[in-house]
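S.K.: Residue numbers for the sequence shown follow the numbering used here, so the first one is 5 and each next one is one higher.
Sharing a structure below in structure tokens format, with a few things to ask.
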Amino acid sequence: MDPLNYLKIKNKIPSNVNILAVSKGFKSQEIKTLQNLGQNDFGESKFQEAFEKQLILKEFNPITWHFIGRIQSNKIRKIVTNFKYIHSVDSFEKLQKISSISREENKNPLIMLQVKLSDDPTKGGFNPELLMLKWAEIKELKNITLSGLMTINPKGISSKENTELFKECRSLADSLQLPDCSMGMSSDWEEAIEAGSTWLRLGSLIFGKRY
Ligand SMILES: *Cc1c(COP(=O)(O)O)cnc(C)c1O
Numbered sequence: 005m006d007p008l009n010y011l012k013i014k015n016k017i018p019s020n021v022n023i024l025a026v027s028k029g030f031k032s033q034e035i036k037t038l039q040n041l042g043q044n045d046f047g048e049s050k051f052q053e054a055f056e057k058q059l060i061l062k063e064f065n066p067i068t069w070h071f072i073g074r075i076q077s078n079k080i081r082k083i084v085t086n087f088k089y090i091h092s093v094d095s096f097e098k099l100q101k102i103s104s105i106s107r108e109e110n111k112n113p114l115i116m117l118q119v120k121l122s123d124d125p126t127k128g129g130f131n132p133e134l135l136m137l138k139w140a141e142i143k144e145l146k147n148i149t150l151s152g153l154m155t156i157n158p159k160g161i162s163s164k165e166n167t168e169l170f171k172e173c174r175s176l177a178d179s180l181q182l183p184d185c186s187m188g189m190s191s192d193w194e195e196a197i198e199a200g201s202t203w204l205r206l207g208s209l210i211f212g213k214r215y
């Protein structure tokens, strides 16, 4: 983790776009170094790995934790109690379960619904039409705050294709009156900004190569 590199990236990003530092594969010490530079939002994709770091970092300044990985149903209670944001809610059933568990735990996580905009078989998410159909029902769910949509583009597409997919995500979010779009990673963050991202999920660009 090179502090100068982080500051250089931060300077290139408009102030209305948030950086989520994706710390999976990196150590709590590196998180602390970055936090000292003013970065407070950190994203993790595996519960157990994240929880170990959360325990270590608990005694220092509070961090805002975001869950960005595939959600296993049996981990929902742990995710709801230990993360303020959940970016990767990829089905109505999981959303319902998050809502009912949040109610029991007296929580109210900020939710980004993952949408599937291309037919990449390795990625999950709501089909956009289904999301529209279910929208009235989704809005009724208690103890969740719907803040936006999240998408992951397939690998190996052109810059133009990246921008187009991100714009689809943005316009879907706009039509649902959702403020946030969690989109853009180390390889496509510039396209994501151009298309209206509000949360860039940056791992290797900030931290360097994963171990
Ligand atoms: C790992 C990960 C990222 C960050 O990836 P980089 O290419 O290292 O920036 C972003 N989003 C999700 C969902 C991830 O799992």
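For each residue, glycine too, the CB sits at the ideal point set by N, CA and C.
What you are looking at is a predicted structure, and each value in this text was computed from that prediction instead of being measured.
With DSSP run on the structure shown, which of helix, strand or coil describes Ile67?
M.R.: The answer is coil: DSSP assigns Ile67 none of H, G, I, E or B.
S.K.: Ignore the nearest five residues each way along the sequence and tell me which others in Ser216's own chain have a CB closer than 8 angstroms to its CB.
M.R.: The requested residue 216 is not part of the displayed model; the chain covers only 5 to 215.
S.K.: How many Å lie between Lys62 and Arg81 at the Cα?
M.R.: Taking the straight line from one Cα to the other gives about 19 angstroms.
S.K.: Say whether the region 41-53 touches the region 25-32, bearing in mind that this needs 3 or more beta-carbon pairs closer than 8 angstroms, one atom from each stretch.
M.R.: Output reads yes: the region 25-32 touches the region 41-53.
S.K.: Can we count Lys12 as close to ligand 1, meaning its CB is less than 7 angstroms from some heavy atom?
M.R.: Not so, every heavy atom of ligand 1 lies at least 7 angstroms from the Cβ.
S.K.: Grab me the residues of Met187's own chain with a C-beta within less than 6 angstroms of its C-beta, minus the 5 sequence neighbours each way, in chain order.
M.R.: Here the set comprises Thr155, Phe170, Cys173, Ala196 and Ser201.
S.K.: Does Asp178 come out as helix, strand or coil in the three-state DSSP assignment?
M.R.: Helix.
S.K.: Does DSSP classify Asn22 as helix, strand or coil?
M.R.: Strand, per DSSP.
S.K.: Could you give the first and the last residue of the continuous alpha helix (DSSP H) run that contains Glu48?
M.R.: No alpha helix (DSSP H) holds Glu48; the beta strand (DSSP E) holding it covers Asp45 to Glu48.
S.K.: On the DSSP bridge list, what partners appear for Tyr89?
M.R.: DSSP output for Tyr89 lists His70 and Leu114 as bridge partner(s).
S.K.: Could one say the Cβ of Ser190 lies closer than 8 angstroms to chain B's Cβ atoms, at least one of them?
M.R.: Considering every chain present, this structure includes no chain B. It has just one protein chain.
S.K.: Can you tell me which residues form a DSSP beta bridge with Cys185?
M.R.: In the DSSP output, where bridge partners are listed per residue, Cys185 has Leu153.
S.K.: Return yes when at least one heavy atom of ligand 1 lies under 7 angstroms from the C-beta of Val26, else no.
M.R.: Within the cutoff, so yes.
S.K.: Asp124 to Ile142, Cα distance in whole Å?
M.R.: Their Cα atoms are separated by approximately 25 angstroms.
S.K.: From Gln33, Glu194, Lys14 and Ile90, pick the residue whose C-alpha is nearest to that of Lys50; which is it?
M.R.: It is Ile90.
S.K.: Compute the Euclidean distance between the alpha carbons of Lys36 and Ile83, then round it to the nearest angstrom.
M.R.: Using only the alpha carbons, I get a separation of about 21 angstroms.
S.K.: Determine whether the beta carbon atoms of Gln39 and Ile67 lie at a separation below 8 angstroms.
M.R.: Their beta carbons are under 8 angstroms apart, which means Gln39 touches Ile67 by this criterion.
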